[in-house]
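Residue numbers (my numbering): -14 to 258.
Report on the structure given below.
Okay, structure coming up:
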């Protein structure tokens, strides 16, 4: 059975309160050997870290999501201070594998672009200091995101999460050492642009994700998304890319391991504990 790594989900959110442990067990049984639980609210960061310590297959990424930046300056300063404190704690080093999800979101009207950019740069600095890759959230803001990554000389790499941009934009992220995160949105027949991008992307630049509980694949349309559906997502994307399903799963898992400096042998030894 192929092994999979869900590089981005929100397993700590309330949608999984009733069956979280069962979902984790089901995911492992289906070959999802690692999951990165992404925590976007400061008041949930510690809880998600504690969740990851209870399950060897879980890691966590904490960050200030561009759509959930605190309104008050004091709240923003406190959140950034707590973020630095978490990543400075050596006890969390193995579990805090990345920082995110962070970035820019210009999708809605009347947003403060300057504030988003400032908070993004602050978090890139934290990631650089503690040598963590970042999980990027980008909507209608690829040009500014790429510009800031270059201006900051960011070297820790990361993932362009839930990528929906053009192939030219994907190439810019790849040049900066980033992987392209693909999930359920790309499995729908009408996602023509995403299909064209997927067919052009180098296999070595792709990692898989669910973004659960959101972005369910076509096989689970209208349902709560779950990390246990990652093998279905992988299969659908492999078909679209016109590549052997096992090869697609193997290479995308290897890509994630390389990014996060994980050993496949060690993962397989611990995943079922």
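Note that the Cβ used here is the ideal one computed from N, Cα and C, for glycine as well.
The model shown is predicted, which means the values in this text are computed figures rather than measured ones.
Asked, Found
"Starting from the N-terminal side, write out each stretch of the beta strand (DSSP E) that is 3 residues or longer and does not extend beyond the stretch 84 to 168.", "119 to 124, 143 to 145, 163 to 167"
"With 16 as the cutoff for other CB atoms within 10 Å, does residue 2 come out buried or exposed?", "exposed"
"Taking the alpha-carbon positions, what's the residue -9 to residue 94 distance?", "32 angstroms"
"For residue 136, is the classification buried or exposed, using 16 other Cβ atoms within 10 angstroms of its Cβ as the cut-off for buried?", "exposed"
"Would you mind reading off the limits of the alpha helix (DSSP H) that contains residue 235?", "230 to 245"
"Return the CA-CA distance between residue 63 and residue 181, expressed in angstroms with no decimal places.", "43 angstroms"
"Cα-Cα, which of 13, 142, 227, 129 is closest to residue 274?", "Any property of residue 274 remains undetermined from this structure, which presents the chain solely from -14 to 258."
"Taking the C-alpha atoms as reference points, what is the distance between residue 239 and residue 132?", "28 angstroms"
"Taking buried to mean at least 16 other C-beta atoms within 10 Å of its own C-beta, is residue 211 buried or exposed?", "buried"
"According to DSSP, simplified to helix, strand and coil, what is residue 41?", "coil"
"Counting pairs of Cβ atoms below 8 angstroms between the stretch 46 to 54 and the stretch 102 to 119, do you hit three or more?", "yes"
"What is the rounded straight-line gap between the Cα of residue 208 and the Cα of residue 176?", "19 angstroms"
"Which residue marks the beginning of the alpha helix (DSSP H) containing residue 54, and which one marks its end?", "Taken as a continuous stretch (DSSP letters only), residue 54 belongs to no alpha helix (DSSP H), as it is neither H nor E."
"How is the alpha helix (DSSP H) around residue 183 delimited, first residue to last?", "177 to 185"
"Beta-carbon within less than 6 angstroms of residue 258's beta-carbon, same chain only, minus the 5 sequence neighbours each way: which residues are those?", "Note that residue 258 scores a pLDDT of 45, beneath 50, so its modelled location is shaky; the value from the coordinates is reported in the next line. Taken in chain order, the residues that qualify are 41."
"Can you name, in chain order, every residue of its own chain whose Cβ lies under 8 angstroms from the Cβ of residue 145, other than the five neighbours on each side?", "121, 123, 155, 158, 163, 164, 165, 166"
"Just the C-alpha distance for residue 237 and residue 67, rounded to the nearest angstrom, thanks.", "33 angstroms"
"Thinking C-beta only, is residue 71 closer than 7 angstroms to residue 129?", "no"
"For residue 29, which residues of its own chain have a beta-carbon under 7 angstroms away from its beta-carbon, when the five flanking residues on both sides are left out?", "-3"
"Taking a contact to mean a Cβ-Cβ separation below 7 angstroms, would you say residue -7 touches residue 196 in this structure?", "yes"
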